[in-house]
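> The structure is given below, and queries will be raised subsequently.
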Amino acid sequence: MLPDLSGIDICKNIRKDNSFKGLPIIMLTAKGEEEDKIKGLDSGVDDYLTKPFSFNELMARIKAVLRRTNPTSVSDNLEFDDLNLDRIEKRVFRDNKEIKLGPTEFRLLEFFLSNPKRVYTRDQILENVWPNNVNVESRTIDVHIRRLRQSINIKNKKELIRTVRSSGYSLI
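Going left to right, the sequence shown walks through residues 157 to 328 as the working numbering numbers them.
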């Protein structure tokens, strides 16, 4: 339902161009009939998502497509500076010393490590770290950030989480 070409035509054109051969494509559409889905998947899309959809579902599908198309792009370990997070064993190390985190702080750190140096607002953090069915105040973020900072800060080491006034939080 695009103005000039359909999404299926665009997908076919992308698939014809060898320079985009490995590019994963997720079709986001209002067309939810079985026939439309089959046409989309036959045109070369890697996943097909109908509206309305949640941001969390979209992110999960993006991660799944990336795992299938490029398994090394979604690592079991995330590293930043001297901080290491093991997604499989759910363990965190800083300067080779294990740090015990609660589940929320672990998810929060994993979120920051996925895109270090980017500043996230409280709302973005809420959308990505807390499950959809949980009603949480945005100031709850401050409490969990404080707990995370207390856990990962080691004496004589630089702080890794910064507060960006009037914006949010970032991994340095």
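In this text, a Cβ means the ideal position worked out from N, Cα and C, and glycines have one as well.
Straight-line CA distance for K193 to K187?
Near 8 Å, if we compare the C-alpha coordinates of K187 and K193.
> Find the nearest neighbour of G196 within the set Y325, R171 and F236, judged by alpha-carbon distance.
Ranking the options by Cα distance to G196, first place goes to R171.
> As a quick exercise: from L239, I244, R321 and E189, pick the residue whose alpha carbon is nearest that of D232.
Among L239, I244, R321 and E189, the Cα nearest to that of D232 belongs to I244.
> Counting only runs that start and end within the segment 165–216, where is the beta strand (DSSP E) found for 3 or more residues in a row?
Whole beta strand (DSSP E) segments, 3+ residues: 182–185 and 203–206.
> Which word fits E261, buried or exposed, when buried means at least 16 other C-beta atoms lie within 10 angstroms of its C-beta?
It counts as buried.
> What's the C-alpha gap between I308 and E190?
Looking at the two C-alpha atoms, the distance is approximately 49 Å.
> Quick one: grab the DSSP three-state call for I281.
Reduced to three states, the DSSP call for I281 is helix.
> Can you tell me the Cα-Cα spacing of K256 and I182, whole angstroms?
Roughly 37 Å between the two C-alpha positions.
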